[in-house]
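Enquirer: Counted the way the working numbering counts, the sequence shown spans residues 1 to 1194.
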Amino acid sequence: MGSNKGPAKQVVVSGPSNPRNKRPRSATPSETTSNKKPKDGENQGGSSGTRKSERNQEALEKASQDSTTTTAKRQIVGENLSKGVKALREQLHLEDEDDWKAWLRGPFFKPYWNLLWDSWLKHNRATPGKQGLGLDEVLEIKNQYQQDFIGYPDTSDWGEGQYFAHFMYNVVQRNKMHRDGLFANRTISTRQTENLIWAVLKTIQHLHAPSQINRRRGGLALMNGTQSSTNSSSQLATNTPRARKGKAPVRPSNNDEDVSADTEEDDAEAFTLTQPGLSESDIALATELSEFMATSLQESWKDMIPASDDARMPPKISENFNPNEPYWQLMFCRTACRLAQEDIEADDNALASNDTEVDMQTENENPKVDTESESEKNLEDDSDEEPLLSGGGESDWEDDDVDVVQEVEEDGLPNQESLEEEENNLYQSLDHLTADEFAWSESYPETSPEEVSPSHLIRVIPEKLKQYQRELEWLDDYSYQPKDWEKAVASLCLTTPQPDTKSLVRTRHRLMKANTRLEPWQVLGVARLLEMREAKRNSSMSMQRGAFLADVMGLGKTYEAIAYMLEISQRQKNLHNAWKEAHDKDPAAGPPPVHKPFLLIVPSAILPQWCKEIQAITNQLHVKILFGDKRVNKLSTWKDAQLITKSLTKSHELFDGSLERASTVVVTTYETFRNRHGPPAANAWVHKQRKRLGDPKAFSNRPKDVKPKDWPGDLAGLFFDVILDEGHYIRNKDSAISIAVQWSEASFYLIMTATILFNSIYDFLGYVPLILPEDSDSEWNDDNLKNLDVTPSCDPFSLPEDHPAACLMLTHRILQRKILTNKVTITVASVYIKKLLSQLMVRRTLSSIIEINNQRVVIGARILPSHTVMVNVAFSRKEKRLYDRLCLPHYRKLIFEIEDNKFAINMAKLRMLTLLTSYLGFEYCEQLVTSKNLLEVLKLFKLNTLCQSLAETVGNNEYIRLPKKWIKKARIKGKRRSPDINAARTLLRGSPKLRAMFPLVAYNVLVRGKKQLIWCNFPANQIHIAAILRECGVKASIFHAKLTMKEREQLIREFTSEGGCMVLIISVAVNCFGLNLHGMCNEMHFYDIPMTKALLEQAIGRLRRFGQLWVVIVHIYVVKESWNMRQLAKADEKAMASVICDLNMNIFNMRVLVRLGEGEKPGDDDVTDDQAILHAIQSQLIEQIGEAADQDAL
1 MGSNKGPAKQ
11 VVVSGPSNPR
21 NKRPRSATPS
31 ETTSNKKPKD
41 GENQGGSSGT
51 RKSERNQEAL
61 EKASQDSTTT
71 TAKRQIVGEN
81 LSKGVKALRE
91 QLHLEDEDDW
101 KAWLRGPFFK
111 PYWNLLWDSW
121 LKHNRATPGK
131 QGLGLDEVLE
141 IKNQYQQDFI
151 GYPDTSDWGE
161 GQYFAHFMYN
171 VVQRNKMHRD
181 GLFANRTIST
191 RQTENLIWAV
201 LKTIQHLHAP
211 SQINRRRGGL
221 ALMNGTQSST
231 NSSSQLATNT
241 PRARKGKAPV
251 RPSNNDEDVS
261 ADTEEDDAEA
271 FTLTQPGLSE
281 SDIALATELS
291 EFMATSLQES
301 WKDMIPASDD
311 ARMPPKISEN
321 FNPNEPYWQL
331 MFCRTACRLA
341 QEDIEADDNA
351 LASNDTEVDM
361 QTENENPKVD
371 TESESEKNLE
381 DDSDEEPLLS
391 GGGESDWEDD
401 DVDVVQEVEE
411 DGLPNQESLE
421 EEENNLYQSL
431 DHLTADEFAW
441 SESYPETSPE
451 EVSPSHLIRV
461 IPEKLKQYQR
471 ELEWLDDYSY
481 QPKDWEKAVA
491 SLCLTTPQPD
501 TKSLVRTRHR
511 LMKANTRLEP
521 WQVLGVARLL
531 EMREAKRNSS
541 MSMQRGAFLA
551 DVMGLGKTYE
561 AIAYMLEISQ
571 RQKNLHNAWK
581 EAHDKDPAAG
591 PPPVHKPFLL
601 IVPSAILPQW
611 CKEIQAITNQ
621 LHVKILFGDK
631 RVNKLSTWKD
641 AQLITKSLTK
651 SHELFDGSLE
661 RASTVVVTTY
671 ETFRNRHGPP
681 AANAWVHKQR
691 KRLGDPKAFS
701 NRPKDVKPKD
711 WPGDLAGLFF
721 DVILDEGHYI
731 RNKDSAISIA
741 VQWSEASFYL
751 IMTATILFNS
761 IYDFLGYVPL
771 ILPEDSDSEW
781 NDDNLKNLDV
791 TPSCDPFSLP
801 EDHPAACLML
811 THRILQRKIL
821 TNKVTITVAS
831 VYIKKLLSQL
841 MVRRTLSSII
851 EINNQRVVIG
861 ARILPSHTVM
871 VNVAFSRKEK
881 RLYDRLCLPH
891 YRKLIFEIED
901 NKFAINMAKL
911 RMLTLLTSYL
921 GFEYCEQLVT
931 SKNLLEVLKL
941 FKLNTLCQSL
951 AETVGNNEYI
961 RLPKKWIKKA
971 RIKGKRRSPD
981 INAARTLLRG
991 SPKLRAMFPL
1001 VAYNVLVRGK
1011 KQLIWCNFPA
1021 NQIHIAAILR
1031 ECGVKASIFH
1041 AKLTMKEREQ
1051 LIREFTSEGG
1061 CMVLIISVAV
1071 NCFGLNLHGM
1081 CNEMHFYDIP
1091 MTKALLEQAI
1101 GRLRRFGQLW
1111 VVIVHIYVVK
1121 ESWNMRQLAK
1131 ADEKAMASVI
1141 CDLNMNIFNM
1151 RVLVRLGEGE
1161 KPGDDDVTDD
1171 QAILHAIQSQ
1181 LIEQIGEAAD
1191 QDAL
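1. So the candidates are 548, 874, 586, 1108; which of them puts its Cα closest to the Cα of residue 724?
2. Just how far apart, CA to CA, sit residue 1136 and residue 825?
3. Between which two residues does the beta strand (DSSP E) holding residue 907 run?
4. In whole angstroms, give me the CA-to-CA distance for residue 124 and residue 118.
5. How big is the Cα-Cα spacing for residue 743 and residue 544?
6. Quick one: what's got a C-beta closer than 7 Å to residue 712's C-beta in the same chain, skipping five residues either side?
7. Since residue 721 and residue 747 should fall inside the 8 Å C-beta cutoff, what is the C-beta to C-beta distance between them, to a whole number of angstroms?
8. Please state whether the Cβ-Cβ distance between residue 1072 and residue 1039 is less than 8 Å.
9. Do the segment 1045-1052 and the segment 988-1006 make contact, defined as three or more Cβ pairs closer than 8 Å?
10. So, residue 1063 versus residue 313, is the Cβ gap smaller than 8 Å?
11. Quick one: what's residue 499 bridged to in DSSP?
12. Is residue 1024 closer than 8 Å to residue 919 when the C-beta atoms are compared?
13. Less than 8 Å between the C-beta atoms of residue 476 and residue 1067, yes or no?
14. Figure out for me which residue from 674, 210, 116, 687 has the closest Cα to the Cα of residue 715.
15. Thinking C-beta only, is residue 610 closer than 8 Å to residue 555?
16. Does residue 716 come out as helix, strand or coil in the three-state DSSP assignment?
17. For residue 1085, which of helix, strand or coil comes out of DSSP?
18. Since residue 570 is in the alpha helix (DSSP H), which residue starts that stretch and which ends it?
19. Since residue 679 and residue 740 should fall inside the 8 Å C-beta cutoff, what is the C-beta to C-beta distance between them, to a whole number of angstroms?
20. Sort out for me which residues DSSP pairs residue 1117 with in a bridge.
21. Assign residue 778 to buried or exposed, taking buried as 16 or more other Cβ atoms, counted over all protein chains shown, within 10 Å of its Cβ.
22. Using a 10 Å radius around the Cβ and a threshold of 16 neighbouring Cβ atoms, would you call residue 831 buried or exposed?
23. Along the chain, where does the beta strand (DSSP E) that runs through residue 806 open and close?
24. Out of 814, 324, 560, 1085, state which residue places its alpha-carbon closest to the alpha-carbon of residue 792.
25. Taking the alpha-carbon positions, what's the residue 993 to residue 455 distance?
26. Who are the Cβ neighbours of residue 488 in its own chain at under 8 Å, not counting the five residues just before and after it?
27. Using a Cβ-Cβ cutoff of less than 8 Å, which residues in the same chain neighbour residue 898 once the five nearest sequence positions on both sides are dropped?
28. Could you give the distance in angstroms between the alpha-carbon of residue 265 and the alpha-carbon of residue 203?
29. Using beta-carbon positions only, say whether residue 1084 and residue 1011 come within less than 8 Å of one another.
30. Using the rule of at least 16 other Cβ atoms within 10 Å of the residue's Cβ for burial, across every protein chain shown, is residue 972 buried or exposed?
31. Is it buried or exposed for residue 393, if we count other Cβ within 10 angstroms and need 16 for buried?
32. Between 595, 1138, 572, 1045, which lies nearest to residue 655 when the distance is taken from Cα to Cα?
33. If I follow the unbroken alpha helix (DSSP H) through residue 531, where does it start and stop?
34. Per the DSSP calculation, residue 643 is bridged to which residue(s)?
35. Does the segment 162-179 come into contact with the segment 95-102, if we say contact requires no fewer than three beta-carbon pairs (one atom in each stretch) closer than 8 Å?
36. Just to confirm the assignment, what range does the alpha helix (DSSP H) spanning residue 553 have?
Laid out in C-alpha cells, this is it:
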C-alpha cells in the first residue's frame, strides 16, 4: 500500500499583476476627450467660448465622479456596519432581532445604558475629529474605581471615564454572574466579554447620534420601541444631498445604485445602515466593528492552540530561599529531580562495578559466589514456575500458567528476608546527606523558561491536529448520524434558524431561554431520538423500547436531553389543548389524557450539576430531587429545586396525571433509586412482611429479580420516559441498579453514554431489556412473515435497510442467535451489533460532517480534539531488579476460579502490582495509604509533615505495620515550617513515572500558570503525588470518595475558576464521570493505566468538552517491562468490539485498509490478523515519546 508519486505539475496562478486578468472597463468622458485625436484641419486650440464650455463639461464630469465615489463609499460603509451588527449579534448568541431587542431592553443592559445616556452622553455630544476614550482606558478606570460602582454610587463628581467604566463593570458582571445572563452558559474569557460589550455600546451609541436617533430603526425605537414625536422627515431631509440652485441635480453613473434618496420605502426596509449622511466617525466605527468581528472569527481556532511563548519565568524576588515564592518553588523542584537522578546513576554505577567484580571472579574460577548472584539464580528458578513480567510476549501471560483455583485472602507481605541485604534495599542510609538543607539555593544562576523546561513538554502544532483529525475519521460511522435537516426542523418546536458563521445555523427550542442555543447536530439528534421513540412496526408494536444517545464526550448530550424533554412536554401540552378544545365542543369527548413525569437518573457526583443545567437552560421544567433528606439538601448548593420528602408510591401527587406532570422532572441517582425502588428495598419490605405475618417462609418462592406483589415501592408504568445519564452503569444485567431500572417499566428509555461497550461485547446484555420490546419475538409468527414477504429462515442482517422485514433484527430471537452466542467470534458478533446499533443509536464524533442548505461544517471546527502522548519511562537497573523481586509474590494467585469456567482477579494483588509499578516505596507504606486511613492521612497535610515523615520511613526501609501509631507519631512531631529537599528527593527515587511527570506538572503550574488534572487508580498514588507537590509549594488537592457533596462542589468550583487549586488529583474509582472540569484546564496526566479504553475516553471527556478554549493535551505514563504492558494489551483486547462498532466503512476508500480482490493473496508484509489491524488503528491516534519509545519491547 502506498501513494503514487509523479513529477510535480507546474501551476500558474494568475494574479492582479497579470494583464490578462484585468477587467475591461469603459472610458470616462474625460478620458474619451483627452484620448480623441483631432481631425485634419481642425483648430486644436479652439475659441475661448469652446474652452469655457469644455471647462464646464470637465467640472460637471468631475462632480459626477466625486458624487459617485461618495455614494459608493457610503454604501460600502453601510454594508460594513450592517455586517458588523449582524456578526455582533451572532457572537452574542442572539437568534434574531427580537432576541436582540429583548436583551437590550431587559434588566441586563438597559438600566446601565439609561444611566450612561441620561447622565453623560445626552448632554455631551462627541466632537468631530476628537478621539474618545478607548476600551483599555475605560478598563483601567474600572479597575481603579470598581468598589465605588457597587449599589447606588455618588455620581456628583464623575466624569466621562467613570460613567463608561460603571457601565462596563455592571453589564459585564450581570451577564456573566447571573444564571440568566447572556454569558452565563458559555465558556468565555473576561476580556472577550468586555470586547463584546464594548462593541455593543459603540453600536448603540452610534444609533443615538443626531442623524440616527429619530429614525424608525434608530436609537429611540430600538431601546424604547417608540420614536420621538419630532417629524423625522425633516431630519432626514437635512441629510439629503441637493443640487446647486439653477443647476440640474448630479446623478450617479448607471453602474451605481442611487442610495441618496431617503424615501419612505427605504426606511421601512430591514435595518441595513446604508443611509447616507455618515460622518468620518461613523466610517471609523463601521471599520472597527467589521475588523473586530472578522478577527474574532478568524482566530477562534488559532486561539485554542496554546501559544509557544506563554512561558513566563517567575521573578526572583528574594536572594535567599523563600518557599512562598514561585521562583524558589521551581528551583526546589528542579534540584530535587537533579539530586534524585544523581543518586540513581550512582546506584547503577555501583551495581555495575559489583557485577564486573563478580564476572572477574568467575573468570578466575573463584568459587566464591555472592548473595546477589545466588538470589538471582533462585529468582530464575521461581520464574520457571511462575511467570515474571519482563516486557515479554503473551506467552508469559497465559491464564494456564496461573493457579486455577485459589483464594482471595492475602499471603501477607512478600518474604522480607530477601530485602534485608543492603544491595536489595531501595534506599541506603540518608546519613551522607549532611549538607545544609538550603545550601543548594546559594548563588543559584538566573535561568530562562527554555532552560528549565522539562524534557517531555508537549507543544501542539496545527500539523499534528490535522493528522489527528484525519485519523479520527477512521472511527466515525456515518450510519449512526441523522442527516435530514429540513425534516428535523419541521418536527421540532424551534425558533426560526438564523445563519451562523461558525455552525451554519443558529436556533433553539422555543421553551429554552433566550441566552441558550442548540447546535445543528443537537437538533438532528433530538429529532432522530423522537423518531425512534414513536416508530411502530407493521403490527402496531413499538419498533423499540429505548435508544442510545452516544455522542462523544463534549458534544452537549445534556442540552440534547433537556431539549428532548421540552419537546415531549410541548407535545403533551398540545395533546391536552386538543382534548380541551374537543371537550368544549362535546363534553362526551372522552377522559383527558394522562400525563406522567420524566425520571432522570444520574451519577451522584453530577446531581447538582444536572439541576443547575436544567434551570439555566429553561424555566419550563420543574425539578424534583429524589436524594438524601432535608439535612443533605441543606448541605448542597442547588437552588429552586424541590426535595421529595415523602416516599414515592403510586398514590404520590406526582402521579396524579395532571398537565403539570408533563413538565415535571424527577432527578435521582443510581444508588438512591436502587436503594429505594430496587432489590434492596424490596428485600427489606419482604423481611418486614415476614415478621408481621409471623411466617418466615412468606415470599420464599419469589426470584430475586422479580418484584414482590403489593410492594409499595413499585413504580412500574408511572413514567413515560426514563433518561439514564452515563448509562453504562446498567451494563451488568444482574446488578441491583440494572434490575431497579428494569422494574420501572417505562414506555421509553433514553440511554446516554459515549461508551456503550464499556468492558466487552457482553455489556450489551445489560441494555437488551431496555431497548427491545419484551414480546418482540411475536413478530416471527407466520402471518406477519407472510405480510413481510420473508420466510422463517431469513436473515434480517442480510436485507436492505429499507426492507420491511429489516425490523426483525430488533428481536430477542435474532439477538440470541447472531450475537449472544458462542458460535461466532467476537469480531463477527461486533459486526452484527454495528448494524443493529444503526437502528438504535445516535452517535457523532469530532470529525462528523453536517450539511445544511448545500453547506458543510465539521463538528470538530467548534470543539478542538485532544492530543494524546504516551510517555514511556523505565526503571533504573537497580530499581528493575528490586521491582522484579517485589512483584513476584503478587503474580502468584492473581487469578482464581469462582465457578466452572468463571474466573476472578484478586483485587488486593492487582492493587499492589499497580502501586509497585508506580512507586517501589509502597512496599513499605502500602498499609498506611489505604482508603480506610485516607482522612487521617490527609490531616497531616495541614501540618506539612506527611512528605517528610513518609520519606523518613521509606528511606530507612521501615515497614509501616501499625498505621494509626505511625500517624500519631507524625502528629507529635508538629508542624514543619520549611520544605525538605531530601524528602522530595527520596520520594522521587523508585518512581520513574513521577520523575517524568513531576517536573512537567511543576513547570506548567509555576512557569506557564496552567492548571493540571492527574488521574490515578488508587488513593495511595493520590497521596504520594500530593505529598511531593505540596512539599514543593504547588497547590494540589485530592478528589476522593469521602468528600461530602458540598465539599466536592467547592473543590470543583476552585479548580474551574481562577486561582485556588492548581492541581486536581482524582481517582477513576470515584464517581466523577460527567463532571465539567474544563473551565481553566486543558492538560491531564494518566499516572496509572486505565483498566479499559472506555475509562480513558470518559476521563478525557472531562476536559474535551464543548466550550473548551484550548486543545486538550493528554499524557499517559507507561513503565517499560512492567505490569503496565499487560494492562495496555488487555485494554486493547477489551476495546476491540467498540472499535469495530465505531469503524468508518469508508476506511477502504481512505486507503487505510485494503480489501483483497477475488483470488488475491496478501503480501508478505501485509497484516491480516483482526486484532493486529485494530491495534494498529488505535495506536495511530497516540504519539509515542520517552526513552523507551523506540525500543522493541513496545
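For each residue, glycine too, the CB sits at the ideal point set by N, CA and C.
Expert: To lay it out plainly:
1. As a working mapping, residue 724 is identified with position 724 in the sequence shown. Looking at the Cα atoms, 548 is the closest of the given residues.
2. In the sequence shown, the residue the question calls residue 1136 occupies position 1136. In the sequence shown, the residue the question calls residue 825 occupies position 825. Taking the straight line from one Cα to the other gives about 12 Å.
3. Mapped onto the sequence shown, residue 907 falls at position 907. No beta strand (DSSP E) contains residue 907, which is instead part of the alpha helix (DSSP H) from 907-918.
4. Start at 1 with the first residue of the sequence shown, and residue 124 comes out as number 124. Start at 1 with the first residue of the sequence shown, and residue 118 comes out as number 118. So the alpha carbons of these two residues sit roughly 10 Å apart.
5. Here residue 743 corresponds to residue number 743 of the sequence shown, with the count starting at 1. Here residue 544 corresponds to residue number 544 of the sequence shown, with the count starting at 1. Answer to the nearest angstrom: the Cα atoms are 17 Å apart.
6. Along the sequence shown, read from residue 1 onward, the residue named residue 712 stands at position 712. The answer, listed in chain order, is 649.
7. By one-based count along the sequence shown, residue 721 stands at place 721. By one-based count along the sequence shown, residue 747 stands at place 747. Contact holds; Cβ gap of about 7 Å.
8. Within the sequence shown, numbered from 1, the residue matching residue 1072 stands at position 1072. Within the sequence shown, numbered from 1, the residue matching residue 1039 stands at position 1039. In contact: residue 1072 and residue 1039 (Cβ atoms closer than 8 Å).
9. no
10. In the sequence shown, counting from the first residue as 1, residue 1063 sits at position 1063. In the sequence shown, counting from the first residue as 1, residue 313 sits at position 313. Taking 8 Å as the Cβ cut-off, residue 1063 and residue 313 do not qualify as a contacting pair.
11. For the purposes of this step, residue 499 is taken as the residue at position 499 of the sequence shown. In DSSP, residue 499 forms a bridge with 505.
12. Your numbering for residue 919 matches position 919 in the sequence shown. Your numbering for residue 1024 matches position 1024 in the sequence shown. At the C-beta level, residue 919 and residue 1024 come within 8 Å of one another.
13. Translated into positions along the sequence shown, residue 476 becomes position 476. Translated into positions along the sequence shown, residue 1067 becomes position 1067. For residue 476 and residue 1067, no; Cβs fall outside 8 Å.
14. Counted from its first residue, the sequence shown places residue 715 at position 715. Comparing Cα-Cα distances from residue 715 to each of 674, 210, 116, 687, the minimum goes to 674.
15. Sequence index remark: in the sequence shown, residue 555 carries index 555 (1-based). Sequence index remark: in the sequence shown, residue 610 carries index 610 (1-based). Contact flag unset, no.
16. As a first step, residue 716 must be located in the sequence shown, where it is residue number 716. In this structure, residue 716 counts as coil in the three-state DSSP scheme.
17. Within the sequence shown, the letter at position 1085 stands for residue 1085. Here residue 1085 sits in strand by DSSP.
18. Taking the first residue of the sequence shown as position 1, residue 570 is located at position 570. Looking at the DSSP string, the run of the alpha helix (DSSP H) that includes residue 570 is 557-585.
19. Numbered from its first residue, the sequence shown carries residue 679 at position 679. Numbered from its first residue, the sequence shown carries residue 740 at position 740. Contact flag correct, Cβ pair sits at about 7 Å.
20. Counting from one through the sequence shown, the residue named residue 1117 turns up at place 1117. Paired residues: 871.
21. Against the sequence shown, residue 778 aligns to sequence position 778. Label assigned to residue 778: exposed.
22. The residue given as residue 831 occupies position 831 in the sequence shown. With 16 or more Cβ atoms within 10 Å of its Cβ, residue 831 is classed as buried.
23. Numbered from 1 along the sequence shown, position 806 holds the residue referred to as residue 806. Note, residue 806: premise wrong, no beta strand (DSSP E); not H, not E.
24. Position 792 of the sequence shown holds residue 792. Closest option to residue 792, Cα to Cα, is 814.
25. Position 993 of the sequence shown, counted from the first residue, corresponds to residue 993. Position 455 of the sequence shown, counted from the first residue, corresponds to residue 455. In a straight line, the C-alpha of residue 993 is about 13 Å away from that of residue 455.
26. Counted from its first residue, the sequence shown places residue 488 at position 488. These residues qualify, in order along the chain: 482, 523, 524, 526, 527, 528.
27. Your numbering for residue 898 matches position 898 in the sequence shown. Cβ neighbours of residue 898 beyond the five flanking positions: 904.
28. By one-based count along the sequence shown, residue 265 stands at place 265. By one-based count along the sequence shown, residue 203 stands at place 203. Bear in mind that the predicted position of residue 265 carries a pLDDT of just 36, short of 50, making it unreliable; the figure below should be weighed with that in mind. Spanning the two alpha carbons is a distance of roughly 24 Å.
29. The count along the sequence shown starts at 1 and reaches residue 1084 at position 1084. The count along the sequence shown starts at 1 and reaches residue 1011 at position 1011. Cβ atoms of residue 1084 and residue 1011: not closer than 8 Å.
30. Residue mapping note: residue 972 aligns to position 972 of the sequence shown, counting from 1. Classification for residue 972: exposed.
31. The residue labelled residue 393 in the question sits at position 393 within the sequence shown. In this predicted model, residue 393 has a pLDDT of only 33, less than 50, meaning its place in the structure is not dependable; the value taken from the coordinates is given anyway. So residue 393 counts as exposed.
32. Taking the first residue of the sequence shown as position 1, residue 655 is located at position 655. With distances taken between Cα atoms, residue 655 lies closest to 595.
33. Residue 531 sits at position 531 when you count from the first residue of the sequence shown. Segment 520-534, the alpha helix (DSSP H) holding residue 531.
34. On the sequence shown, residue 643 is found 643 positions in, with the first residue counted as 1. Note: residue 643 sits in a beta bridge opposite 625.
35. no
36. As a working mapping, residue 553 is identified with position 553 in the sequence shown. Run containing residue 553: none; DSSP gives neither H nor E here.
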